[in-house]
Structures are given as C-alpha cells and as structure tokens.
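Asker: Residues in the sequence shown are numbered consecutively from 8, following the working numbering.
For each residue, glycine too, the CB sits at the ideal point set by N, CA and C.
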Amino acid sequence: MCKRYLSKSGCADDMCPLSHKPSANRMPHCVHFVNGRCTNDHCKYAHVRIPNSALICEPFARLGYCEKGEGCSERHTYFECPDHVNKGHCDVKGCKLPHTIHAGRLRQQARRSGSPGAESESSTNHSNDEVNTPKIDGRDPDGSAVGSPDASRFTQQADYVPI
Numbered sequence: 008m009c010k011r012y013l014s015k016s017g018c019a020d021d022m023c024p025l026s027h028k029p030s031a032n033r034m035p036h037c038v039h040f041v042n043g044r045c046t047n048d049h050c051k052y053a054h055v056r057i058p059n060s061a062l063i064c065e066p067f068a069r070l071g072y073c074e075k076g077e078g079c080s081e082r083h084t085y086f087e088c089p090d091h092v093n094k095g096h097c098d099v100k101g102c103k104l105p106h107t108i109h110a111g112r113l114r115q116q117a118r119r120s121g122s123p124g125a126e127s128e129s130s131t132n133h134s135n136d137e138v139n140t141p142k143i144d145g146r147d148p149d150g151s152a153v154g155s156p157d158a159s160r161f162t163q164q165a166d167y168v169p170i
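#1: Out of curiosity, what's the CA-to-CA distance linking C73 and T84?
#2: Spatial neighbours of T107 within its chain, please: CB distance less than 7 Å, with the 5 preceding and 5 following residues excluded, ordered by chain position.
#3: Taking 8 Å as the cut-off, does the segment 95 to 102 touch the segment 34 to 48 (at least 3 CB pairs, one atom from each stretch)?
#4: Going by C-alpha to C-alpha distance, which of S14, G78, P89, R56 sits closest to P105?
#5: With a floor of 4 residues, list each alpha helix (DSSP H) that falls wholly inside the segment 71 to 101, ordered by position along the chain.
#6: For M34, which residues of its own chain have a beta-carbon under 6 Å away from its beta-carbon, when the five flanking residues on both sides are left out?
#7: Whole angstroms are fine: how far does the CA of C18 sit from the CA of R11?
#8: Counting only the same chain and skipping the five closest in sequence on each side, list residues whose C-beta sits under 8 Å from that of Q116.
#9: What is the rounded straight-line gap between the Cα of G121 and the Cα of G111?
In structure tokens form, the structure reads like this:
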C-alpha cells in the first residue's frame with residue numbers, strides 16, 4: 008500500500024508502482040478509531056475493533072500485508088518495529104523500523120511479565136530525584152511554590168522522566 012496515498016496530501020504520482028486500492032489485508036489500523044476518537048468520515052485507515060494493548064502484527068509491519076486481514080487480532084502498523092514493541096528488544100541487525108519507547112507500553116509489559124513492583128512503582132516517592140532540582144526563593148523554576156499540590160503533580164505521574 009502506498010504510504011503517500013494514506014497521507015493527507017495523497018499520492019499524485021501516476022507512475023507509482025504501489026497499490027492505491029484499500030483492502031483489509033494491506034491497510035494499517037486507524038489509531039484514532041482504536042482509541043475511540045476517529046471523527047474523519049473519509050478516513051483511509053482500517054476501522055477494526057482491537058484492544059489498544061494488542062501486539063503488533065509482524066507480517067504486516069515487515070511486509071505491509073497480512074493474510075488474516077480483518078480477522079487479525081494484532082495491530083497493523085508500518086511505524087513501529089514489532090519485535091521491539093512485542094518483546095521489548097529487537098534482534099534484527101540493521102532493522103529500519105522505528106524503535107520507540109512508550110511509557111504506557113513499558114508498564115503493560117511489566118504487568119504482563121508479572122515483574123514485582125510494576126504496580127507500586129507509580130506510588131513510590133522519588134525524593135532523591137527532586138534533590139537536584141534548583142529552587143529559587145522557595146519556588147521551583149516553573150514558579151510553583153515548593154510543597155504545593157502543583158509542585159509534585161507531574162513528578163508523581165508514572166511516566167514522568169526527570170531530566
């Protein structure tokens with residue numbers, strides 16, 4: 008399937024060798040539909056009901072085609088490495104697919120593997136992380152008062168990464 012065809016601008020190349028005919032076997036799933044937020048009446052992506060936590064379909068991610076089509080219980084996407092998302096690491100030497108780290112997926116993998124502390128990690132107080140934060144006249148650099156509810160609102164989130 009032509010990726011430029013799927014973009015907003017579309018594919019204007021009459022000589023494009025890739026397909027411009029949507030089919031369930033070669034269309035990526037609409038991320039917004041999976042999250043229940045697709046409002047585009049003319050959406051080119053496949054509207055398939057699968058859980059947002061579904062694994063990535065390896066044949067689709069690597070080849071752009073899945074024999075199962077609409078019957079596939081895995082996510083169809085071109086934009087992520089299936090090994091990296093599904094297993095947490097990629098063993099393919101020279102893999103050209105993106106290896107994006109998502110905090111939400113890391114938490115899901117931790118829950119799936121049953122690693123201890125996966126649930127309690129978000130409730131743990133990370134006071135050592137805040138020691139090196141500069142404070143100016145009793146305020147954080149963003150202007151919020153130290154000790155106020157707003158001061159720790161972001162640092163208490165499970166996907167917060169201190170810099």
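Answerer: Walking through what the data contain:
#1: Inter-residue distance for C73 and T84 is about 11 Å (C-alpha atoms, whole angstroms).
#2: Around T107: E87.
#3: No, the segment 34 to 48 is not in contact with the segment 95 to 102.
#4: The option with the nearest alpha carbon to P105 is P89.
#5: Annotation note: the segment 71 to 101 contains the following uninterrupted alpha helix (DSSP H) runs of length 4 or greater, listed N- to C-terminal: 89 to 94.
#6: A53, listed in sequence order.
#7: Rounded to whole angstroms, R11 to C18 spans 5 Å at the Cα level.
#8: Counting only Cβ-Cβ distances below 8 Å, and skipping sequence neighbours, we find G95.
#9: Cα-Cα distance, rounded: 15 Å.
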